[in-house]
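For reference, the structure is listed below as structure tokens.
Laid out in structure tokens, this is it:
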């Protein structure tokens, strides 16, 4: 118990010391475990002779750059933050916010994060309806996109998120304006008492603040009825680096990532590329070729890194077998000529609509022998496509 | 010369006798040549003992169905039309219309049709600006789509067709309402004196009529300044079978086929599938997920049979190396942070915008050693991204 607490405290401190995806720091944790890694990182114990080699081995670096000390650089990088370390204060802050620090040995830890390998976060800070647990990978769909979304993008997002929640999925997004907010909002609105967690917001800043400020009410609702989580500790500002790294968490937590709208350059594309890198399916929503907000999704479709998705059913297909509703996509509507052979098709087209004609005339018009015309008329009649009256044979319409 | 005339006359007659893609008829031509094939087809010479076996060999049919005579059935199929054969009249009609019958030995014959193998038409009926010749496969792009197109589809079609003509391509379509008409119209409007043939209409009916009637003016313009062509002889009505077969000609004549708008079921999808079957690239234009007229193009994108294309440049990329304009697609716009390393990115985000700060403060905020902060500030300053004043270091904006 004391040991578990010590690990939790160490991971919380490491999260404050290191930026997300600090590879040397993560290699240090992998080599020594979090408690000793923190001691080395803060200078309270020396690194030991073998450590530099061990880190290079974990990071798969060649000895070529050996003049440069990976660990020495890292220690200098972390040093300015050592004096401000106060993991107990951070743990207390989370408790006050009704949240916790989650570490890999906890039940709440999402196993899917292991796919990030060395890039797995040292800990997660979480608030929200944690008793329900974090939904499993195949129940999570990320919906991401432009902050300055269009009405079109908002409509698609709203329909898609609601449709996914109705099918039992949880909608993950980044809590930003535009597509993200619409996805969270619609997922909350579509939630039923029985649904469990229907939406999770993965933040690029500490959970003690609501960012962006304009989404405060929405983020409060998610913190109450869904889950908000971050890799960075309370008090952390949302920097560009943290946004980019946050995107990898969204991609790793979701079984499928869908980009609804994205400009030619967009953070949502970064999330999509993380997802593709993890081997997770990526969906992209098509839109007008004249909309700058669809240029990025079309780019994903064009370069083959995403599948075209137009509704929740198609997203659920990408997500795989979790869908239990048996809902189907676009229904095939049978046309008159479906299932007809070539001869019957020729005959059908040869049949006049108003005035009936003779078998011989039909044979000449359709280019068929009279024998085939007779047999074909029988088949068409049985399908209610041809009928005979005083004037001869003519077209009938299916009832 | 007399021999060439005899072949032309025979092919013209065969085109009237047989529907497009009449496999037994085409095998007969392959086995005996057009002149003798016509004699057999009309009963003026007997089929000979070996012919049935030869046809089966050409058609790769097993002897299993040998009780049924392929040729016997075909002869009965053709018989009702024999008495109306008048190839000289059809040749004269074409001459009167300023057109001709084109056969495979003619210079005008598009070599690309050979990719249809046995399905290559026995002849083509052509009208228009024939002295310019039929553009080569890699200069032809087919643009097809819904007859009941939306304003959106019409706009995309117009922009795309004009852009392709400006790049030196010829736009092929089917002369129908909607996307087809828009493609032809825009290609004619974009034509310059020097451009050669900029549009070709492939018809499902005889060239003695303009079908549909509402496109008469447009089709007259194409017949004057472009090319209209058909596989069926003058006087032939546009039946469903002929439309479907016409689609294979569009696909075979074009180096790329683009579907702009198509419903879930649409003739344009048939053209796309013909193109894919011939190994020709297919492009599909994305649109609103709420538009029934884009359901078919999204279906193509989703099942992987088409590449997402949003403008003429992207179509030209699909078409390959013919594009000589050097026009490029969407330009990359460089952002402030492009090309920065991770440390410089962290530093850039740590720089305050208004009030300058010290190196030590920057080191703590960015999580970098002071040495790296100094070096990084130098790099950012040289890119005009950082500047120093009395209060310390702060962010600058690129000029």
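Chains as they are written, first to last, in our numbering: chain A, 1 to 399; chain B, 1001 to 1399. Glycine residues also receive a C-beta, built at the ideal position from the N, C-alpha and C atoms.
When DSSP labels each residue in this structure, what does residue i get in the three-state scheme?
{"i": "residue 310/A", "result": "coil"}
{"i": "residue 180/A", "result": "helix"}
{"i": "residue 23/A", "result": "helix"}
{"i": "residue 1129/B", "result": "coil"}
{"i": "residue 1007/B", "result": "helix"}
{"i": "residue 284/A", "result": "strand"}
{"i": "residue 1185/B", "result": "helix"}
{"i": "residue 289/A", "result": "coil"}
{"i": "residue 302/A", "result": "helix"}
{"i": "residue 206/A", "result": "coil"}
{"i": "residue 2/A", "result": "helix"}
{"i": "residue 192/A", "result": "coil"}
{"i": "residue 1069/B", "result": "coil"}
{"i": "residue 1241/B", "result": "helix"}
{"i": "residue 1087/B", "result": "helix"}
{"i": "residue 121/A", "result": "coil"}
{"i": "residue 250/A", "result": "helix"}
{"i": "residue 262/A", "result": "coil"}
{"i": "residue 1078/B", "result": "helix"}
{"i": "residue 1014/B", "result": "helix"}
What do you reckon, are the CB atoms on residue i and residue j nearer than 7 Å?
{"i": "residue 1254/B", "j": "residue 1141/B", "result": "yes"}
{"i": "residue 91/A", "j": "residue 12/A", "result": "yes"}
{"i": "residue 1375/B", "j": "residue 1365/B", "result": "no"}
{"i": "residue 1387/B", "j": "residue 1353/B", "result": "no"}
{"i": "residue 1339/B", "j": "residue 19/A", "result": "no"}
{"i": "residue 134/A", "j": "residue 8/A", "result": "no"}
{"i": "residue 1178/B", "j": "residue 1149/B", "result": "yes"}
{"i": "residue 401/A", "j": "residue 58/A", "result": "Because chain A is modelled from 1 through 399, residue 401/A falls outside the range shown and cannot be assessed."}
{"i": "residue 1269/B", "j": "residue 308/A", "result": "no"}
{"i": "residue 6/A", "j": "residue 35/A", "result": "yes"}
{"i": "residue 1276/B", "j": "residue 1236/B", "result": "no"}
Closer than 6 Å to a non-hydrogen atom of the ligand NAP - does that hold for the CB of residue i?
{"i": "residue 162/A", "result": "The ligand NAP is not among the ligands present in this structure, which contains no ligands whatsoever."}
Based on the DSSP output, what are the partners of residue i in its beta bridges?
{"i": "residue 199/A", "result": "171/A"}
{"i": "residue 1255/B", "result": "Note: residue 1255/B sits in no beta bridge, so no partner."}
{"i": "residue 1142/B", "result": "1172/B, 1257/B"}
{"i": "residue 1228/B", "result": "1127/B, 1201/B"}
{"i": "residue 388/A", "result": "393/A"}
{"i": "residue 1100/B", "result": "1126/B"}
{"i": "residue 400/A", "result": "In the structure as shown, chain A begins at 1 and stops at 399. Residue 400/A is therefore absent and cannot be evaluated."}
{"i": "residue 1357/B", "result": "1393/B"}
Whole angstroms is fine: what's the gap from residue i's alpha carbon to residue j's?
{"i": "residue 382/A", "j": "residue 1153/B", "result": "40 Å"}
{"i": "residue 281/A", "j": "residue 209/A", "result": "32 Å"}
{"i": "residue 1310/B", "j": "residue 288/A", "result": "9 Å"}
{"i": "residue 81/A", "j": "residue 1293/B", "result": "58 Å"}
{"i": "residue 1298/B", "j": "residue 147/A", "result": "25 Å"}
{"i": "residue 1116/B", "j": "residue 1110/B", "result": "11 Å"}
{"i": "residue 188/A", "j": "residue 4/A", "result": "34 Å"}
{"i": "residue 1173/B", "j": "residue 1271/B", "result": "10 Å"}
{"i": "residue 41/A", "j": "residue 1344/B", "result": "22 Å"}
{"i": "residue 1123/B", "j": "residue 1113/B", "result": "11 Å"}
{"i": "residue 1250/B", "j": "residue 1267/B", "result": "12 Å"}
{"i": "residue 1073/B", "j": "residue 369/A", "result": "7 Å"}
{"i": "residue 278/A", "j": "residue 52/A", "result": "29 Å"}
{"i": "residue 213/A", "j": "residue 175/A", "result": "11 Å"}
{"i": "residue 1137/B", "j": "residue 1215/B", "result": "26 Å"}
{"i": "residue 1077/B", "j": "residue 1145/B", "result": "33 Å"}
{"i": "residue 1139/B", "j": "residue 319/A", "result": "41 Å"}
{"i": "residue 56/A", "j": "residue 21/A", "result": "16 Å"}
{"i": "residue 342/A", "j": "residue 1105/B", "result": "30 Å"}
{"i": "residue 1256/B", "j": "residue 1284/B", "result": "11 Å"}
{"i": "residue 330/A", "j": "residue 143/A", "result": "For residue 330/A, the predicted model reports a pLDDT of 43, less than 50, meaning its position is unreliable and no value from the coordinates is stated."}
{"i": "residue 391/A", "j": "residue 317/A", "result": "53 Å"}
Run through chain C and tell me which residues come within less than 9 Å of residue i, C-beta to C-beta.
{"i": "residue 198/A", "result": "Note that chain C does not occur in the displayed structure, where the protein chains are A and B."}
Query raised in the report: If you pair each beta-carbon of the segment 1127-1134 of chain B with each one of the segment 1239-1248 of chain B, do three or more pairs fall below 8 Å?
Result: no
Report task. Flag this pair as touching only if the segment 1249-1264 of chain B and the segment 1169-1186 of chain B have three or more C-beta atom pairs under 8 Å; answer yes or no. Result -> Result yes; three or more Cβ-Cβ pairs closer than 8 Å.
Query raised in the report: Are there three or more Cβ pairs, one per stretch, closer than 8 Å when the segment 158-169 of chain A is compared with the segment 201-219 of chain A?
Result: no
**Report entry** Cβ contact (3+ pairs, closer than 8 Å) linking the segment 217-230 of chain A and the segment 117-128 of chain A
**Finding:** yes
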